[in-house]
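Asks: Below is a structure I'd like to ask you about.
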């Protein structure tokens with residue numbers, strides 16, 4: 066079904082605030098679209114609603130009254146899905162990578178990746194082989210599979226997080242400031258690997274960062290302020 | 021997968037988890053042990069005497085009479101005359117009447133003076149008769165039959181000589197050293213106070229209390245082969261078996277109203293049940309305390325999990341990001357709670373089981389409790405089931421907290 070999909074993400078007349086009443090809006094987006102396979106760089110100062118937008122696209126925050134609007138993913142209504150259907154959709158179609166602490170620290174790399182495959186219902190005897198392939202794409206050796214996540218360097222953890230986010234072959238990848246804890250050389254290495262992987266797998270990428278120098282890696286760059294008409298701070 | 025994550029999560033917090041487990045092990049162990057010993061004690065208690073329809077003694081409380089005549093606990097306050105014994109034996113409907121006489125001891129073991137009928141008629145458990153492991157009942161004045169624990173503890177065998185002491189103390193200043201008894205038989209274990217008893221003939225007991233001069237004369241007569249009949253003046257109690265249990269109450273009333281002397285007849289079953297009610301209340305109190313301790317330690321488990329939720333916000337956010345629903349997070353916390361309580365329960369049961377195997381002898385020797393070490397009973401499984409139910413209920417607090425947290429904060433766990 067996704068061969069005919071044009072838009073990976075489509076937002077219409079979205080309004081969101083954390084409290085049910087009396088609190089200012091965090092997000093107010095009239096319309097925004099991300100095409101399938103497109104990579105978008107999203108920047109903006111702290112407190113402008115970047116993480117909230119990612120949570121809403123990822124389906125981990127519900128849009129309920131008095132909030133309104135619609136988020137469609139892969140041209141299917143997403144924000145109106147029940148929480149459990151949103152969780153299933155996310156597991157199958159969306160990969161997420163955060164700034165830090167992407168992995169469950171006490172699990173091995175293999176178990177971290179298997180857990181994502183399990184919740185995405187793609188866990189099979191081939192999962193380990195696929196995991197090795199993605200780790201190689203991210204320039205990591207197979208031997209890392211058996212290592213506990215909290216024994217890896219931050220750079221390694223971020224690359225494992227990308228491999229894990231891709232294990233279910235998602236159509237959308239949401240990445241929230243993944244390079245902020247990396248030094249310059251690691252940052253560039255990580256970006257090159259990520260962009261190469263995303264291109265090869267034809268994944269739509271929404272990438273959030275403060276670092277405007279990274280924008281050159283993307284097809285499309287956007288300041289959240291251009292998108293968000295809400296005037297107040299998120300925090 | 022949830023199980024793997026839960027297990028690894030617990031391993032990563034092993035310090036707090038082990039302490040919590042220890043607390044649950046102790047409380048479950050306490051509960052299992054209390055319940056098991058309570059049931060075993062009740063069973064052991066009810067097995068002490070069987071097939072005896074009435075116990076007759078001097079007027080006293082029925083619990084007191086039962087305690088000293090059956091459990092060898094306490095001292096008789098009075099005796100009944102031999103004439104009364106003979107009158108009871110002649111009551112219509114009385115099948116057998118075995119007199120017993122208490123008051124002496126041997127190295128701390130109670131001595132019971134009785135007749136050889138005791139070994140024919142006394143029953144325990146489910147109407148089981150006494151059986152000899154070695155030897156036979158006494159057929160002479162100075163013969164003795166010892167219980168299995170006496171033989172085991174003192175390493176006595178048939179033919180050994182034993183000396184009785186006056187009174188029940190383990191160390192006595194007055195021994196009947198001039199009238200040693202010879203072991204003629206050793207009984208098989210019964211799991212009752214019989215195992216800790218030295219049985220001698222009433223006449224032997226009478227002889228042991230004679231002066232040295234009278235003893236010499238008696239020994240001389242015995243050596244001459246004369247038939248000795250020493251007059252018995254008093255006994256402590258009489259165990260009575262009737263032809264038909266229908267007449268029990270009637271005969272009990274007749275004995276209670278006897279004109280010969282003040283006596284009372286008690287029904288062992290009724291007295292046992294009355295005694296158990298006294299002991300049983302304490303047991304129930306112990307059980308209640310054990311349940312409260314279990315509840316407290318499971319609350320500790322819930323507290324440990326609840327405090328860990330705050331530290332695990334990031335981990336939970338990662339789980340949500342990879343597709344775990346809030347229900348999965350709820351189940352993860354519940355699984356962790358179950359892993360702790362079920363594994364602690366298994367360890368507790370095994371520990372109690374091992375302790376009972378090792379301590380069974382000590383319990384029987386010190387307290388007369390015959391506890392079966394087999395813990396794998398319905399009662400134990402009920403306790404473990406109860407632990408699981410309480411765990412689920414209590415672990416709902418951290419599990420629901422984690423569930424709500426995942427709904428409210430999204431992936432903003434920094």
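Protein chains in written order, with my numbering: chain F, 66 to 300; chain Y, 21 to 434.
No residue lacks a Cβ here, since even glycine has one placed at the ideal position from N, Cα and C.
#1: If contact means a Cβ-Cβ distance below 8 Å, which residues of the segment 343-360 of chain Y contact chain F?
#2: Is residue 58/Y close to chain A? Criterion is C-beta to C-beta, closer than 8 Å.
#3: Where DSSP assigns a beta bridge to residue 272/F, which residues make up the other side?
#4: Here's a check: name, in chain order, each residue in its chain whose Cβ is nearer than 7 Å to the Cβ of residue 137/Y, leaving out the five neighbours to either side.
#5: Could you check if residue 396/Y is buried or exposed, using at least 16 other CB atoms within 10 Å of its CB as the buried criterion?
#6: Quick check: the Cα distance between residue 352/Y and residue 136/F, rounded to an integer number of angstroms?
#7: Can you name, in chain order, every residue of its own chain whose Cβ lies under 6 Å from the Cβ of residue 300/F, other than the five neighbours on each side?
#8: Measuring CA to CA, which of 207/F, 140/F and 158/F is closest to residue 173/F?
#9: Would a check of beta-carbon distances place residue 327/Y closer than 8 Å to chain F?
#10: Closer than 9 Å by beta-carbon distance: list the chain F residues that pair up with residue 25/Y, in chain order.
#11: Just the C-alpha distance for residue 207/Y and residue 168/Y, rounded to the nearest angstrom, thanks.
#12: Is the Cβ-Cβ distance between residue 97/Y and residue 80/Y less than 8 Å?
#13: Do residue 223/F and residue 247/F have their C-beta atoms within less than 8 Å of each other?
#14: Count the other CB atoms, across all protein chains shown, that sit within 10 Å of the CB of residue 269/Y; report buried if there are 16 or more and exposed otherwise.
#15: Which of the three DSSP states, helix, strand or coil, is assigned to residue 74/F?
#16: Does the distance from the CB of residue 342/Y to the CB of residue 184/F come in under 8 Å?
#17: So, with DSSP's three-state summary, where would you put residue 346/Y?
#18: Kindly confirm or deny that the segment 57-72 of chain Y and the segment 404-420 of chain Y touch, where touching means at least three C-beta pairs closer than 8 Å.
#19: Is it buried or exposed for residue 176/F, if we count other Cβ within 10 angstroms and need 16 for buried?
#20: Leaving out the 5 sequence neighbours to the left and right, which residues in its chain are closer than 7 Å to residue 359/Y when beta-carbon positions are compared?
#21: Going by other Cβ atoms of all chains shown within 10 Å of its Cβ, with 16 needed for buried, is residue 64/Y buried or exposed?
#22: If the criterion is Cβ atoms closer than 8 Å, does the pair residue 290/Y and residue 108/Y meet it?
#23: When you compare the CB positions of residue 71/F and residue 82/F, do they come within less than 8 Å of one another, or not?
#24: Which residue wins for smallest C-alpha separation from residue 181/F, given the options 285/F, 155/F, 116/F and 201/F?
#25: Show which residues of chain Y have a CB atom less than 7 Å away from the CB atom of residue 183/F.
#26: I need the DSSP call for residue 278/Y, collapsed to helix, strand or coil.
#27: Near residue 243/F, which residues of its chain fall below 6 Å by C-beta distance, leaving aside the five closest residues on each side in sequence?
#28: Are at least three pairs of beta-carbons, each pair with one atom in the segment 140-160 of chain F and one in the segment 194-204 of chain F, less than 8 Å apart?
#29: Let me see if you follow: with CB-CB separation under 8 Å, is residue 130/F close to chain Y or not?
#30: Given that residue 31/Y touches chain F, what residues does it touch there, using C-beta distances under 9 Å?
#31: Name the residues in the segment 133-153 of chain F whose C-beta lies less than 8 Å from a C-beta of chain Y; which are they?
#32: Roughly how many whole angstroms lie between the Cα atoms of residue 122/F and residue 105/F?
#33: Using the rule of at least 16 other Cβ atoms within 10 Å of the residue's Cβ for burial, across every protein chain shown, is residue 103/Y buried or exposed?
#34: Short of 8 Å in beta carbon distance, which residues of its chain neighbour residue 140/F, apart from the five on each side in sequence? Order them along the chain.
#35: Use the C-beta contact count for residue 365/Y: other C-beta atoms within 10 angstroms, 16 or more gives buried, fewer gives exposed.
#36: Taking any Cβ of chain Y, which residues in the segment 237-256 of chain F have a Cβ under 7 Å from it, in chain order?
Replies: Let's see:
#1: 343, 344, 345, 346, 347 and 348
#2: Here chain A cannot be found, since the structure's protein chains are F and Y.
#3: For the purposes of this step, residue 272/F is identified with residue 207 of the first chain, where counting begins at 1. Answer is 106/F and 240/F, bridged to residue 272/F.
#4: Counting from 1 along the second chain, the entry for residue 137/Y is found at position 117. 116 and 118.
#5: In the second chain, counting from the first residue as 1, residue 396/Y sits at position 376. Per the 10 Å Cβ criterion, exposed.
#6: Walking along the second chain from the start, residue 352/Y turns up at place 332. Walking along the first chain from the start, residue 136/F turns up at place 71. Going from the Cα of residue 352/Y to the Cα of residue 136/F covers about 30 Å.
#7: As a working note, residue 300/F is residue 235 in the first chain. Residue placement at residue 300/F cannot be trusted, given a pLDDT of 40 that sits under 50; the coordinates are not used to answer.
#8: Translated into positions along the first chain, residue 173/F becomes position 108. Closest by alpha carbon: 207/F.
#9: The residue given as residue 327/Y occupies position 307 in the second chain. Output row for residue 327/Y: interface = no.
#10: As a first step, residue 25/Y must be located in the second chain, where it is residue number 5. Those within 9 Å of residue 25/Y in chain F are 169, 171, 172, 176 and 180.
#11: Mapped onto the second chain, residue 207/Y falls at position 187. Mapped onto the second chain, residue 168/Y falls at position 148. Distance between the alpha carbons of residue 207/Y and residue 168/Y is about 6 Å.
#12: The sequence position of residue 97/Y within the second chain is 77, counting from 1. The sequence position of residue 80/Y within the second chain is 60, counting from 1. Their beta carbons are under 8 Å apart, which means residue 97/Y touches residue 80/Y by this criterion.
#13: For the purposes of this step, residue 223/F is taken as the residue at position 158 of the first chain. For the purposes of this step, residue 247/F is taken as the residue at position 182 of the first chain. Contact flag set, yes.
#14: On the second chain, position 249 is the one that residue 269/Y refers to. Flag for residue 269/Y reads exposed.
#15: Within the first chain, numbered from 1, the residue matching residue 74/F stands at position 9. Residue 74/F: strand per DSSP, three-state reduction.
#16: Mapped onto the second chain, residue 342/Y falls at position 322. Mapped onto the first chain, residue 184/F falls at position 119. Yes.
#17: Your numbering for residue 346/Y matches position 326 in the second chain. Helix.
#18: no
#19: Translated into the one-based positions of the first chain, residue 176/F becomes position 111. It is buried - the Cβ of residue 176/F has at least 16 other Cβ atoms within 10 Å.
#20: For the purposes of this step, residue 359/Y is taken as the residue at position 339 of the second chain. Answer for residue 359/Y: 26, 27 and 30, listed in chain order.
#21: Taking the second chain and counting its residues from 1, one reaches residue 64/Y at position 44. Buried, by the Cβ-count rule.
#22: For the purposes of this step, residue 290/Y is identified with residue 270 of the second chain, where counting begins at 1. For the purposes of this step, residue 108/Y is identified with residue 88 of the second chain, where counting begins at 1. No; because the gap between Cβ atoms is not below 8 Å, this pair is not in contact.
#23: Here residue 71/F is taken as the residue at index 6 of the first chain, counted from 1. Here residue 82/F is taken as the residue at index 17 of the first chain, counted from 1. Not a contact, by the Cβ cut-off of 8 Å.
#24: Here residue 181/F is taken as the residue at index 116 of the first chain, counted from 1. Checked all of 285/F, 155/F, 116/F and 201/F; the closest Cα to residue 181/F is 155/F.
#25: For the purposes of this step, residue 183/F is taken as the residue at position 118 of the first chain. Within chain Y, the residues near residue 183/F are 21.
#26: As a first step, residue 278/Y is located in the second chain; it is residue number 258 there, counting from the start. It is coil, neither helix nor strand.
#27: What you label residue 243/F is simply residue 178 of the first chain in a count that begins at 1. Taken in chain order, the residues that qualify are 162 and 223.
#28: no
#29: Within the first chain, numbered from 1, the residue matching residue 130/F stands at position 65. Low per-residue confidence applies at residue 130/F: pLDDT is 48, beneath 50, and the placement is therefore not dependable enough to give any value.
#30: Counting from 1 along the second chain, the entry for residue 31/Y is found at position 11. Near residue 31/Y (Cβ distances below 9 Å), the residues of chain F are 171.
#31: 148, 149, 152 and 153
#32: By one-based count along the first chain, residue 122/F stands at place 57. By one-based count along the first chain, residue 105/F stands at place 40. Straight-line Cα distance between these residues: approximately 14 Å.
#33: Residue numbering aside, residue 103/Y sits at position 83 when the second chain is read from its first letter. Exposed: under 16 other Cβ atoms inside 10 Å.
#34: Here residue 140/F refers to the residue found at position 75 of the first chain. 70, 71, 72 and 75, listed in sequence order.
#35: Here residue 365/Y refers to the residue found at position 345 when the second chain is read from its first residue. Under this definition residue 365/Y is a buried residue.
#36: none
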